[in-house]
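Okay, so the sequence shown: first residue is 789 according to our numbering, each after it adds one. Each residue gets a CB set at the ideal place from its N, CA and C atoms; glycine is no exception. Remarks on the structure that follows.
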Amino acid sequence: MEDRKKKILMVNGCIRGKESRTWRLAEAFLKPAREAAPRPFDYTQLDLAQMDLKPLTGGFFEERQRFLEKNDRTHPRFDLARQFAQADRILVAAPFWDLSFPAVLKLYIENISLDGITFGCNAEGLYGMCRAEDMLFFTTRGGFYGDGPMEQGARYLKALCGMLGIPKFRCIAAEGMDFHPEQEEELMAKALEEADEAGRYYWKAEAGR
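Quick look at the structure:
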């Protein structure tokens with residue numbers, strides 16, 4: 789049985805910072821999760837809005853391709869991909885934005901999706917190389933979208949988990965606050981309760997696997 793510390797990676801795509809309703813939802817999970825942890829663990833939080841993430845264009849893309857062609861994945865620009873691949877559990881917080889999530893999260897995903905680090909490819913197709921047991925996604929949506937076709941954020945991340953070899957995905961979402969601002973607290977309440985419960989049972993779920 790492994791006795792090393794578990795690595796928990798929080799990918800924070802809440803571009804409004806402390807004003808973000810989505811981050812409030814994530815914090816409702818984090819507090820009980822920390823309190824319920826049975827042993828020390830390594831927690832790393834990435835604040836994507838404060839990072840200098842670059843799109844895969846021009847010379848930046850060409851440099852990446854040269855490293856991949858040489859089978860050299862040791863360059864510091866691949867550090868984020870290695871960090872993601874080595875995490876035991878993944879948390880993502882990002883609001884619903886233009887049918888999915890803010891562009892900064894997509895930039896992050898572009899930079900961590902690396903053949904030979906987070907996924908591989910053989911004659912049978914793609915296969916995941918990530919160690920994470922699950923991904924938990926926190927989001928808030930101003931309207932009511934549920935699992936309908938206009939909601940592409942949770943759907944995208946669930947598909948990404950399949951590509952990267954992460955077997956379990958869960959989304960905790962609050963909806964409708966912009967349609968009914970006078971009911972914001974009421975609409976948030978159920979999701980906050982779900983996040984709190986998920987935090988309290990986060991480590992118990994792990995023990996049952």
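Under the 10 Å beta carbon count, proline 969 is surrounded by fewer than 16 other beta carbons and is classified as exposed. Here aspartate 840 is not near lysine 793, since their CB atoms are 8 Å or more apart. Contact annotation, leucine 952 with cysteine 918: C-beta distance approximately 5 Å; criterion of less than 8 Å satisfied. Pairing glutamine 833 with asparagine 859 gives a Cβ-Cβ distance that is not under 8 Å. Considering only Ala979, Ala986, Trp885 and Gly913, the residue with the shortest C-alpha distance to methionine 938 is Trp885. The shortest CA-to-CA distance from alanine 869 to any of Ala961, Thr927 and Ser901 is the one to Ser901.
Contact between alanine 816 and alanine 983 is confirmed by a C-beta separation of about 4 Å, below the 8 Å threshold.
Here the alpha carbons of arginine 809 and phenylalanine 872 stand approximately 25 Å from one another. Per the coordinates, the alpha-carbon of methionine 976 lies some 24 Å from the alpha-carbon of leucine 797. Residue environment for phenylalanine 848: exposed (fewer than 16 other C-beta atoms within 10 angstroms of its C-beta).
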